[in-house]
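1497 is the number that this note's numbering gives to position 263 of the sequence shown; each next residue is one higher, with no gaps. In this text, a Cβ means the ideal position worked out from N, Cα and C, and glycines have one as well.
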Amino acid sequence: MDTIVADYVEIPWQRAVISVDQFTKPDITEIFSSADRLSVSRTTPLGGKTIANLFYEPSTRTSSSFHAAMTKLGGNVIPINEVKYSSVSKGETLEDTIRTLECYTDGIVLRHYDDDATERAVSVSSVPIINAGNGAGEHPTQALLDLYTIQREQGQIDGLTVTLMGDLKYGRTVHSLTKLLRQFDVRLQFVAPDELRLPRTYLQEGDTEHSNLRTAIAHTNILYVTRVQKERLPGAIDIDCDYAVTSEHMERARDDMALLHPLPRVGEIPSYLDSDPRSAYFRQMKYGMYVRMALLVAMLGGA
Ligand code: ASP
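Take a look at the structure:
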């Protein structure tokens, strides 16, 4: 595999979360311990601090979980979830918007459609930046919460078989999670239609690729499903596939498998599976808030 090494690996994640490449195994252990503690604590270490939620793309979970996390920690949020009502619609550059928000805040959570947006923001900002999704690139805080969910659901990460299914080409959560999982002793299986296979750069020896879930599900401990990223497809690709999880798949699956999805789902997991105890995607959202609390405390210098 080509190693993906970039300058941002040198930047401490406490200063800017750009990619999962910045996190070592001890960092991950520490963040997860902090998330465990914060999930049961009522302290407000970020009293007097403010973040901006700056979202150039739609978001429900990421923006509201950062908002909830900051509020629970005693801090405040400037929510800019619809940039068309800000000066962005007058043509303001990302750099100028960041320079503006750094005057009023202690940190900026940024989601943007360009892959290089986080690095551009970091290059002009004096306050910490958190990448909340940069185009088809990465979604590092989602990957951390996905990994935390795996740990909480299975009690361990090492030794597991993780199967990732759906749009593996454009799905940024898949890219970040795949890289993060490389730090552990896991077996990875990838299920996707030909047009949406995982970019070769993320593959490693020992991985297996499948064109349908039937052949991959039996030994799976974690099934991670994603939607097709329609907004990122170049033109109208006609994807001839059926990548929904069915009750037949669940019958073949292990009793202790956990089914994850970063959401939103648009048909990949039918709602009749919500009551299956293995469906962990709603618990995953709650774990996400704790992980984001842990990141905010570490980055904004809470006591
Ligand atoms: N919410 C995730 C993201 O922002 C997954 C998705 O949109 O499919 O990448």
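Within the segment 1372-1451, the runs of beta strand (DSSP E) at least 3 residues long that lie entirely inside it are, in chain order, 1395-1399, 1421-1425 and 1442-1444. Per DSSP, reduced to three states, the secondary structure at PHE1300 is helical. Of the residues assessed, ASP1392 falls on the exposed side of the cut-off, its CB having fewer than 16 other CB atoms within 10 angstroms. If you check the CB distance, HIS1301 and VAL1317 do not come in under 8 Å.
Exclusion of ARG1526 from the 7 Å shell around ligand 1 follows from its C-beta lying no nearer than that to any non-hydrogen atom of the ligand. In chain order, LYS1259 place their CB closer than 6 Å to the CB of GLN1417, counting only its own chain and leaving out the 5 sequence neighbours on each side.
Here the alpha carbons of LEU1381 and ASP1255 stand approximately 14 Å from one another.
ARG1333 is positioned such that its CB atom lies no closer than 8 Å to that of THR1296. Assignment of beta-bridge partners to ARG1345 by DSSP yields PHE1289. Excluding residues up to 5 positions away in sequence, VAL1425 lie with their Cβ nearer than 8 Å to the Cβ of ASN1446 in the same chain. In this structure, DSSP gives SER1513 an extended state, which the three-state scheme calls strand. Separation of the CB atoms of TYR1436 and THR1412 is rounded to 5 Å, and the pair is thereby assigned contact status at 8 Å. Taking non-hydrogen atoms of ligand 1 into account, the C-beta of HIS1373 is found less than 7 Å away from one of them.
Using a cutoff of 7 Å, the CB of ARG1466 does not count as near ligand 1, since none of the ligand's heavy atoms is closer than that. Per DSSP, reduced to three states, the secondary structure at TYR1242 is helical. Between the C-alpha atoms of LEU1378 and SER1298 there is a straight-line separation of about 17 Å. With a cutoff of 7 Å, LEU1497 counts as near ligand 1, since its C-beta is closer than that to a heavy atom of the ligand.
Under the DSSP assignment, TYR1458 falls in the beta strand (DSSP E) whose first and last residues are 1456-1459. With fewer than 16 neighbouring CB atoms inside 10 Å of its own CB, GLU1482 falls in the exposed class.
In the assembly as shown, HIS1453 is an exposed residue. Its beta-carbon has fewer than 16 other beta-carbons within 10 Å.
Distance from the Cα of LEU1534 is smallest, within the candidate group GLY1309, ASP1419 and LEU1432, for GLY1309. PRO1362 has no beta-bridge partner at all, per DSSP.
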